[in-house]
Amino acid sequence: MMQDWFLDAKLGIFIHHGIYAVDGIDESWAFFNGKVSYEDYMAQLDGFTASKYDPDAWADLFKRAGARYAVLTTKHHDGVALWDTKANDLSVVKKTPAGRDLITPYVDALRKNDLRVGFYFSQLDWSHPDYATLRPERHKDDPDESLNRFAYARKGKEDPARWENFLRFHRAQLKELCTEFGKVDLLWFDGDWERDERQFKMKELRDELHFMQPEVVINSRMLGYGDYATPEQGQPVVAPDGPWEFCVTINDSWGYQVQDKNHKSTRQIVRMCAECFGLGGNVLLDIGPYEDGSLQPEQTERLEGLGRWMNKHADAIYGTVAGLPAGLFYGPSTQSKDGKELNLFFFDRPIDQVVTRGIKGKVKRVSVVGSGRELAHRRIGSADWCEVPGNLYIDFPADEVDQDCTVVKVEFEESFSTSLSPGRS
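The opening residue of the sequence shown carries number 474 in my numbering; numbering runs sequentially from there.
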C-alpha cells in the first residue's frame, strides 16, 4: 500500500551485506553462473565475522547523506539469512563466526535516526532443497541443459509437493521478518522471475503481508502485486507509470567486489539524483560493506558529498513532485505540490542567465536555493493577446554556482501552469 512518506522521501540507501563479501565476489550469482562452485561459495560462511558491524554509524551516515529510508539484504538468492531464522539453519547466526542476529541492531539504529526501515528479501532460494522442483509454463518443454539446475526441475522431475514445502518455508521466513522486528516500512522483494504468479501465490502473499504489516510499502517484484516500479541500473529517460524508485550502485557492483574500483563521482551521483527527482522518482543508492561490516571509504566519501548537496537543497527536493515537461527548461526541475514553487536544477555554469519557456503565472520571487539570494528576472517575447507566455529570463551571478548542481527557486503568486502551444500564426 503506497504511503506518502515514500513519495516524499526521495533518497534511500540500499545495503548488500552478506557472505559474498568474504572473497569479494558476485552475490549469489557467482555460483549460479559457474564462476565458482557452490561448495567454494558456501565456504565463505567460515570467514564472515561482522566484527566491525556498527549499524549506528551506518544510520548516522545515511542520515547525513540525506536519505530518509534504508533497505538491507536480509536474505539474498544464496539463502543465507542475516537473522536467527527458525525456518532452517542457514543463517549468519548459526553458520558463521559472526554468530549473531544483524537485523535487530540495524532496525534499532534506523529508528533512532528517524529513518524508515526496509527489508530486502529474495523470493527465490538457490540453496533450499525444495526450491528447484518446478518449472513455469514458459519453460515447460525446454531441454534440461538450457535451464540452471539451481532454479528449475529437470524435465519430468517436477514435484509439486516439494514446492508446497518450499512455500511453507518461504512464508515462515517472511512471517519472522514481519512479526519479530516491529514495524516494517518497506519490503523490497527480488527474484520473482523464475516462477509465475500462480506458483508463488502472490495475491495470497500480498494479503498475508498486509495483515501482518498493514502500512507496509511493497516494491514491484511481486509479479503484478507491488506498489511501485523499480528500474535497475539503467536510469530512466522518461518516468515509469505510477510511483517509482531507481536502484543503482555507487560503483558497478551491489555487494563488495574486490576488483571493482569504478566508483561514480559525487557529481555524477548528484546529477543522477536530480534527474530522477525531476521525473518524480526516488533513488535507492547501493553500498557494499566489507565482510566485517565496515564501509568502503570511497563509498562513505560519496555519501558525505551527496549529503552536502542534498541538505543544502532540501527545500527543492523532499516532498516535491515532477517538474516541467521536456523542452520548457534544459535541465531537471521539481515543483511543490501546490504548484506555487518551481525548482530549476542545472549542472553547468550559465554564461549569465537561466531561461525557461512556456510557464504561465505571475512570478513573486526568484532566488538561489541554499543561500536565499534574490535574483533579477523578466519575461521576454509575449503579449497580452498571445496564449504563449514567452520566456522567463533569470540573471545569475557566477559566485552562486554550486560545485555539483545549482538550484534556483521560482515562486508564484498562484499555482503556475504550462503551455506547449505552437503559438498563433
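Cβ coordinates follow ideal geometry from the N, Cα and C atoms, glycine included.
Residue i, buried or exposed, once every other Cβ within 10 Å from all chains shown has been counted against 16
i       : result
Leu-660 : buried
Pro-633 : exposed
Ala-871 : exposed
Gln-706 : exposed
Lys-585 : exposed
Pro-762 : buried
Arg-694 : buried
Gln-876 : exposed
Lys-810 : exposed
Lys-737 : buried
Three-state secondary structure assigned by DSSP to residue i
i       : result
Lys-837 : strand
Leu-815 : strand
Asp-868 : strand
Ile-576 : helix
His-850 : strand
Phe-684 : helix
Gln-808 : strand
Leu-545 : strand
Tyr-701 : strand
Val-532 : The question names Val, but residue 532 is Ala in the sequence shown. Here Ala-532 sits in helix by DSSP.
Gly-520 : helix
Lys-882 : strand
Leu-893 : coil
Val-495 : coil
Glu-500 : coil
Arg-830 : strand
Leu-480 : helix
Tyr-526 : coil
Phe-820 : coil
Ala-540 : coil
Arg-694 : coil
Glu-887 : coil
Phe-505 : helix
Ala-554 : strand
Ala-799 : coil
Val-689 : coil
Tyr-593 : strand
Val-794 : strand
Val-565 : helix
Close Cβ partners of residue i (< 7 Å) along its chain, the five nearest in sequence each way excluded
i       : result
Cys-651 : Val-657, Leu-682, Met-685, Gln-686
Val-874 : Arg-822
Glu-688 : Met-474, Gln-476
Leu-480 : Pro-716
Tyr-866 : Gln-826, Val-828, His-850, Arg-851, Ile-853
Asp-759 : Phe-487, His-489, Cys-720, Val-721, Thr-722, Ile-723, Trp-727
Leu-588 : Ala-532, Phe-535, Lys-536, Ala-540, Arg-541, Tyr-542, Ala-543
Thr-739 : Arg-775, Gly-778, Leu-779, Asp-877
Tyr-511 : Phe-504
Ser-767 : Lys-525
Arg-627 : Asp-617
Asn-621 : Phe-505
Asp-733 : Asn-724, Asp-725, Ser-726
Cβ shell of residue i (< 6 Å), same chain only, five flanking positions each side left out
i       : result
Val-880 : His-786, Ala-789, Asn-816, Phe-818, Val-842
Leu-484 : Gly-539, Ala-540, Val-756
Val-731 : Gly-497
Lys-508 : none
Ala-702 : Ser-693, Pro-713, Trp-717
Leu-545 : Ile-488, Tyr-579
Tyr-729 : Ala-494, Gly-497, Gly-761, Tyr-763
Ala-795 : Leu-752, Gly-753
Ala-938 : Any property of residue 938 remains undetermined from this structure, which presents the chain solely from 474 to 898.
Ala-582 : Pro-528, Asp-529, Ala-532
Asp-700 : Met-475, Val-690, Ile-691
Neighbourhood of residue i by C-beta distance below 8 Å, restricted to the same chain and skipping five residues each side
i       : result
Trp-599 : Ser-501, Phe-504, Phe-505, His-550, Asp-551, Gly-552, Ala-605, Phe-623, Ala-624
Pro-609 : Glu-667, Arg-668, Asp-669, Gln-672
Gln-708 : Phe-719, Val-721, Met-745, Glu-748, Cys-749
Pro-895 : none
Lys-676 : Glu-670, Tyr-698
Tyr-791 : Asp-481, Ala-482, Lys-483, Arg-541
Any chain B beta carbon closer than 8 Å to residue i
i       : result
Trp-531 : Considering every chain present, this structure includes no chain B. It has just one protein chain.
### Query
Can you list the beta strand (DSSP E) stretches of 3 or more residues lying completely in the stretch 600 to 674, in chain order?
You should have 659 to 663.
### Query
What are the complete beta strand (DSSP E) segments, minimum 3 residues, inside the stretch 732 to 785?
If we require 3 residues or more, the beta strand (DSSP E) runs fully inside the stretch 732 to 785 come out as 755 to 760.
### Message
Below 8 Å, how does it come out for the stretch 509 to 517 and the stretch 571 to 581: are there three or more Cβ pairs, yes or no?
### Response
At 8 Å Cβ cutoff, the stretches do not touch.
### Query
Does the pairing of the stretch 577 to 587 with the stretch 522 to 532 give three or more beta-carbon distances under 8 Å?
The stretch 577 to 587 vs the stretch 522 to 532: in contact.
### Query
Do the stretch 798 to 816 and the stretch 552 to 567 touch if we need at least three Cβ pairs shorter than 8 Å?
Because the criterion of three Cβ pairs below 8 Å is not met, the stretch 798 to 816 and the stretch 552 to 567 do not touch.
### Query
Are the stretch 738 to 753 and the stretch 830 to 846 touching by the rule of at least three beta carbon pairs closer than 8 Å?
The stretch 738 to 753 makes no contact with the stretch 830 to 846, as fewer than three CB pairs between them are under 8 Å.
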